[in-house]
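**Q**
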Amino acid sequence: MAPRGRPRKRLSRMDAATDAMTAFGFDERLVQKTVKQLLKEYGGDDGWAFIEEYGYKELIEAILRDQESNDEDSTKQKHPAGCVLVQAVSLCHLTVGEELSSCQVESTAQFPHC
């Protein structure tokens, strides 16, 4: 059976942030939780200016920081005590007008070293 009535209008700042981040593939509950944390850090509703600035850049960075710290915690649990996680990074720098084929691909790898 079809739903009754008109669809709910999403007009709040939280709805706009959720819509923008779910387009990037982030879970709606994760976005809302992170927004609430950022608003608490920035002192309430005055923090929306910082969150919305540059297309929700601060929100994206906060979500990725949380995911990265969760990944590090799970990695520590997987490896036995005394192991060290070594990270190798190869960076690619392009200048304007330079072709991509003349550049090495950026990559990051992590290796457990026991």
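Just so it is clear: in the sequence shown, position 114 is 114 by the UniProt record's numbering, and no numbers are missing.
For glycine and all other residues, C-beta sits at the position ideal for the given N, C-alpha and C.
Remember, it's a predicted structure, so these values are computed and weren't measured experimentally.
With a 10 Å radius around its C-beta and 16 neighbouring C-beta atoms as the bar for buried, classify Tyr-56 as buried or exposed.
**A** buried
**Q** May I ask you to verify whether the segment 40–56 touches the segment 66–73, counting CB pairs closer than 8 Å and requiring at least 3?
**A** no
**Q** Using a threshold of 8 Å, state whether the C-beta atoms of Val-31 and Ala-17 are closer than that.
**A** yes
**Q** Starting from Asp-15 and walking both ways along the alpha helix (DSSP H), at which residues does that stretch end?
**A** 13–22
**Q** Would you check if the distance between the CB atom of Ala-62 and the CB atom of Thr-34 is smaller than 8 Å?
**A** Yes, these two residues count as a Cβ contact at 8 Å.
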